[in-house]
Amino acid sequence: MRRALRHTRDASPKTSYVFRLCCVNLVLAGLRPREVGESLAVSERSVHRWLAVHRTAGAAGLASGLRRGRPSHLRPAEAELLMGALRQSPAAVGLNAEVWSGRLLQDYLKRQFRLELGVRQCQRLLARARDGAAIEQLLGRQE
Numbered sequence: 113m114r115r116a117l118r119h120t121r122d123a124s125p126k127t128s129y130v131f132r133l134c135c136v137n138l139v140l141a142g143l144r145p146r147e148v149g150e151s152l153a154v155s156e157r158s159v160h161r162w163l164a165v166h167r168t169a170g171a172a173g174l175a176s177g178l179r180r181g182r183p184s185h186l187r188p189a190e191a192e193l194l195m196g197a198l199r200q201s202p203a204a205v206g207l208n209a210e211v212w213s214g215r216l217l218q219d220y221l222k223r224q225f226r227l228e229l230g231v232r233q234c235q236r237l238l239a240r241a242r243d244g245a246a247i248e249q250l251l252g253r254q255e
């Protein structure tokens, strides 16, 4: 049941917003953040964070917006170049290989963009890129 709840909650930005708003409303109605978190398969810390956002920005602040996190090391134009390269085989971009690997992407990023990422981070980047996720999201928001 917890897995189904998480899947539903994360299905879209709209359902995530409604979920956060419900959690806040449950606390405002008298439940403790810990109780809300335990009942709805979310951390107590998240409930506290949503309450703080609600206090400062109101219900609109609970909407999915730009995610915080580590800023990108690539400019938008560089991210576009990287997307184009990953859509092709490594040989098509001048590398001596037929299939992208974490080590190969690591070397390519270092040579092409002077960006040093770990092999495991590059492997995750490749896996997510194969699933169709945007490179901008993987490397950080481009604003």
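Take any residue in the sequence shown, count from 1 to its spot, add 112: that is its number in the working numbering. All C-beta atoms, glycine included, are put in the ideal place defined by N, C-alpha and C.
Measuring alpha carbon to alpha carbon, tell me which of the options ends up nearest residue i.
i, options, result
"residue 157", "146, 167, 151", "146"
"residue 231", "219, 118, 125, 113", "219"
"residue 171", "225, 224, 137, 238", "137"
"residue 154", "135, 141, 168, 167", "135"
"residue 224", "213, 211, 205, 214", "205"
Answer yes or no: do residue i and residue j have a C-beta to C-beta separation smaller than 9 Å?
i, j, result
"residue 152", "residue 131", "yes"
"residue 234", "residue 217", "yes"
"residue 175", "residue 129", "yes"
"residue 229", "residue 238", "no"
Just to confirm my understanding: we take residue i, look at its own chain, exclude 5 residues before and 5 after, and list those with CB closer than 6 Å. What are they?
i, result
"residue 116", "none"
"residue 125", "176"
"residue 149", "155, 156, 159"
Residue i and residue j look like a contact to me (Cβ under 8 Å); what is the Cβ gap, rounded to whole Å?
i, j, result
"residue 198", "residue 241", "5 Å"
Among residues of its own chain, excluding the 5 on either side of residue i, which ones have a beta-carbon nearer than 7 Å to its beta-carbon?
i, result
"residue 127", "120, 121"
"residue 118", "153"
Leaving out five residues before and five after residue i in sequence, what residues of the same chain have Cβ atoms less than 8 Å from its Cβ?
i, result
"residue 227", "185, 186, 221"
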